[in-house]
Amino acid sequence: MAMANCRTFQDYRAFINNYGFPWEKDQAEVWQLISHSKDMNRYLAACSDPPAAKLEAALLIRDRFTIESDIHFSPTTGNPELAVKVATPFEFMCLEVLYAFEVGASFQRCEWCSNGFLTGTATGRRNTSRFCRESCRQAALRHRNKAQGDKTNVRK
Ligand SMILES: [Zn+2]
């Protein structure tokens, strides 16, 4: 989601500072970041598409990564566990979008800051969420209350 919400060079710089480069290279061209960010936005928006369109998006996403599988032993139980590995953070983001498709999550835009966020099952947010975080909800509420206060003052 963080990559999909990058809009400015500062956003991309913050993304790299927080998560590292989305590819194995130790540097990424700005145009690559912008292009991948747009792709990620398109994939996430497909969360709210009908099943056939979602399947089409899922097939596009599938071509963007390769999964390597292995078996590890759990240090706590000693049981063998399936381990999957992707090569880059971008590939991991693709897996997350496919998981969002699988659980039926919806993609929304915050009514205050326009950042995208997922709602519904396994996202920790209700389907009716209108804001990406509490501070945006508060800011929108303050804005609305101020606007109503201004109208009240005009009438006096
Ligand atoms: Zn927001």
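Residue numbers (the working numbering): -16 to 139. Where is the CB? At the ideal position from N, CA and C, for every residue including glycine. A quick note: this is a predicted structure, and the numbers were derived from the prediction, not measured.
Item, Value
"L38, buried or exposed, once every other Cβ within 10 Å from all chains shown has been counted against 16", "exposed"
"N98 beta carbon near ligand 1 (any heavy atom closer than 7 Å)", "yes"
"Cβ-heavy atom distance, C(-11) to ligand 1, below 7 Å", "no"
"Within the stretch 29 to 97, ranges of the beta strand (DSSP E) (whole runs, at least 3 residues)", "51 to 56, 63 to 68, 89 to 92"
"First through last residue of the beta strand (DSSP E) which encompasses F100", "99 to 102"
"Cβ-heavy atom distance, F56 to ligand 1, below 7 Å", "no"
"Contact the stretch 60 to 70 vs the stretch 80 to 90: 3+ CB pairs below 8 Å", "no"
"Whole-Å CB distance - I50 paired with V67, under 8 Å assumed", "5 Å"
"Coarse secondary structure for R25, derived from DSSP in three states", "helix"
"Contact between the stretch -7 to 6 and the stretch 113 to 126 (3+ Cβ pairs under 8 Å)", "no"
"N1, enclosing alpha helix (DSSP H) - first and last residue", "-8 to 2"
"Simplified DSSP state of R108, which is helix, strand or coil", "strand"
"Assigned secondary structure, N128 (DSSP; H/G/I helix, E/B strand, else coil)", "helix"
"Straight-line Cα distance separating S31 from L65", "30 Å"
"Cβ-based burial, Y26 [other Cβ within 10 Å; buried from 16]", "buried"
"Three-state secondary structure assigned by DSSP to R113", "coil"
"F100 vs R108 beta-carbon contact at 8 Å", "yes"
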